[in-house]
Ligand SMILES: NC(=O)c1ccc[n+]([C@@H]2O[C@H](COP(=O)([O-])OP(=O)(O)OC[C@H]3O[C@@H](n4cnc5c(N)ncnc54)[C@H](O)[C@@H]3O)[C@@H](O)[C@H]2O)c1
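In my numbering, the protein residues as written are 278 to 559.
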């Protein structure tokens, strides 16, 4: 890993999982950090740990669904440090269900966090990063579910296709204006994180927790697929190794699980051939 002694790294979704490991990794390489999350308790625990290791860090607790709070996070970060070298647009959540049964409130919540949250991050950070006029990076955490469809979690898949495609467009637009900012998109398959616990910080006003749908066999079985898969995922440190290497090498599509590469090329071939998606049973 390169030396990040004079560098500033900002991360959303920094209190757990990939964001926390990214924070620790860049802190270990000397970076100054600006960390955001909705999870105040774990964000504070990370802040205390990092400060104890001599790291300069500011933290902001907010929901990425709020563009005003994201703007304030960027304003504070630039006021404190003057520039951002890498911005990780990383916060995300998952939900499951059939498209025709899943409450619309789930769609609103998930798309607001996973898609509009990413747009909020771009709107708040990218103009400032363009203006600073130094080589820097904006990194979206999409998913393998932004490249391949699975039937278990439609809103998640739709959100990750959206965040991947909007990052492609972001990179085109940055090229178009001759900016020194480069975009990257991270596409992990399963990684051992806290993603299956994402409901714990869901704004209670964003849904009806008593909706009988959340007690149906189908919903519970689908959620169990997510929970069961997590311990078998890639250790988070291994995923972050690939992410750091990808950014340092100038890789746009950062793929942490090469075993899915044949499926990605297979998908493209199937599209051109007009072939129906194949159902993989849970
Ligand atoms: N873990 C996986 O298998 C996996 C695979 C592919 C992609 N991803 C993506 O990686 C990213 C990080 O997730 P993770 O796996 O580390 O899960 P995680 O739950 O461990 O971390 C996600 C963090 O985002 C925060 N967060 C959630 N909603 C938020 C909101 N509205 N506002 C602010 N912060 C919020 C959470 O509190 C948490 O700290 C997500 O975008 C996720 O979709 C994860």
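Cβ coordinates follow ideal geometry from the N, Cα and C atoms, glycine included.
8 Å Cβ cutoff, residue 355 in contact with chain D: Absent here is chain D; the protein component of the structure consists of one chain.
Near ligand 1: residue 398 beta-carbon under 7 Å from a heavy atom: The sequence position of residue 398 within the chain shown is 121, counting from 1. Answer for residue 398: no, Cβ out of range of ligand 1.
Where residue 365 falls: helix, strand or coil (DSSP): To locate residue 365, count along the chain shown from 1; it is residue 88. Reduced to three states, the DSSP call for residue 365 is strand.
Proximity test, residue 472 beta-carbon vs ligand 1 heavy atom, cut-off 7 Å: Translated into the one-based positions of the chain shown, residue 472 becomes position 195. Checking the Cβ of residue 472 against ligand 1 gives yes.
Buried/exposed call for residue 399, threshold 16 Cβ in 10 Å: Translated into the one-based positions of the chain shown, residue 399 becomes position 122. Buried, because 16 or more other Cβ atoms sit within 10 Å of the Cβ of residue 399.
Selection from 322, 378, 417, 514 that minimises the alpha carbon distance to residue 393: Here residue 393 refers to the residue found at position 116 of the chain shown. Closest by alpha carbon: 417.
Buried versus exposed call for residue 551 [16 or more other C-beta atoms within 10 Å across all chains shown]: As a position in the chain shown, residue 551 is number 274, starting the count at 1. By the neighbour-count rule (16 or more Cβ atoms within 10 Å), residue 551 is not buried but exposed.
Ordered list of alpha helix (DSSP H) runs contained in the region 416-502, each at least 4 residues: 431-453
Beta bridge counterpart(s) of residue 334 as assigned by DSSP: The residue you call residue 334 lines up with position 57 of the chain shown. Per DSSP, 310.
Where residue 376 falls, given that 16 or more other Cβ within 10 Å makes a residue buried: Counted from its first residue, the chain shown places residue 376 at position 99. Exposed is the call here.
Beta-carbon separation (whole angstroms), residue 344 vs residue 354, contact threshold 8 Å: For the purposes of this step, residue 344 is taken as residue 67 along the chain shown, with counting starting at 1. For the purposes of this step, residue 354 is taken as residue 77 along the chain shown, with counting starting at 1. Not quite, the Cβ-Cβ distance comes to about 16 Å (not below 8 Å), so this is no contact.
Residue 287 beta carbon near ligand 1 (any heavy atom closer than 7 Å): Here the question's residue 287 lines up with position 10 in the chain shown. No - ligand 1 has no heavy atom lying nearer than 7 Å to the Cβ of residue 287.
C-alpha gap between residue 271 and residue 517, whole angstroms: Residue coverage of the chain in this structure runs from 278 to 559, which leaves residue 271 outside it and unanswerable.
When 469, 496, 286, 350 are compared against residue 429, the one with the closest alpha-carbon: Reading the chain shown from its first residue, position 152 is the one you call residue 429. Nearest option by C-alpha distance: 496.
DSSP state of residue 530 mapped onto helix, strand, coil: The sequence position of residue 530 within the chain shown is 253, counting from 1. Strand.
Pair within 8 Å by beta-carbon distance, residue 432 and residue 448: If you number the chain shown from 1, residue 432 lands on position 155. If you number the chain shown from 1, residue 448 lands on position 171. Contact: no.
Rounded straight-line distance, which links the Cα of residue 462 to that of residue 541: Taking the first residue of the chain shown as position 1, residue 541 is located at position 264. Taking the first residue of the chain shown as position 1, residue 462 is located at position 185. If I take the Cα positions, the gap works out to 15 Å.
Contact test: residue 487 Cβ vs ligand 1 heavy atom, cutoff 7 Å: The residue you call residue 487 lines up with position 210 of the chain shown. Result no, Cβ not under 7 Å from ligand 1.
C-alpha distance - residue 395 paired with residue 327, whole-angstrom precision: The count along the chain shown starts at 1 and reaches residue 395 at position 118. The count along the chain shown starts at 1 and reaches residue 327 at position 50. So the two alpha carbons sit approximately 25 Å from each other.
Opening and closing residue of the beta strand (DSSP E) in which residue 289 lies: Here residue 289 refers to the residue found at position 12 when the chain shown is read from its first residue. Taken as a continuous stretch (DSSP letters only), the beta strand (DSSP E) holding residue 289 covers 285-289.
Residue environment, residue 529, which counts as buried when at least 16 other CB atoms sit within 10 Å: Counting from 1 along the chain shown, the entry for residue 529 is found at position 252. Exposed.
Alpha-carbon to alpha-carbon, residue 548 and residue 338: Here residue 338 refers to the residue found at position 61 of the chain shown. Here residue 548 refers to the residue found at position 271 of the chain shown. If you take the alpha carbons of residue 338 and residue 548, they lie about 42 Å apart.
Residue 511 (DSSP reduced to helix, strand or coil): Position 234 of the chain shown holds residue 511. Annotated three-state conformation of residue 511 is strand, per DSSP.
Sub-8 Å separation of residue 290 and residue 368 beta-carbons: Position 13 of the chain shown, counted from the first residue, corresponds to residue 290. Position 91 of the chain shown, counted from the first residue, corresponds to residue 368. Cβ atoms of residue 290 and residue 368: closer than 8 Å.
Inter-residue Cα distance where the pair is residue 374 and residue 382: On the chain shown, residue 374 is found 97 positions in, with the first residue counted as 1. On the chain shown, residue 382 is found 105 positions in, with the first residue counted as 1. Those two C-alpha atoms are separated by around 12 Å.
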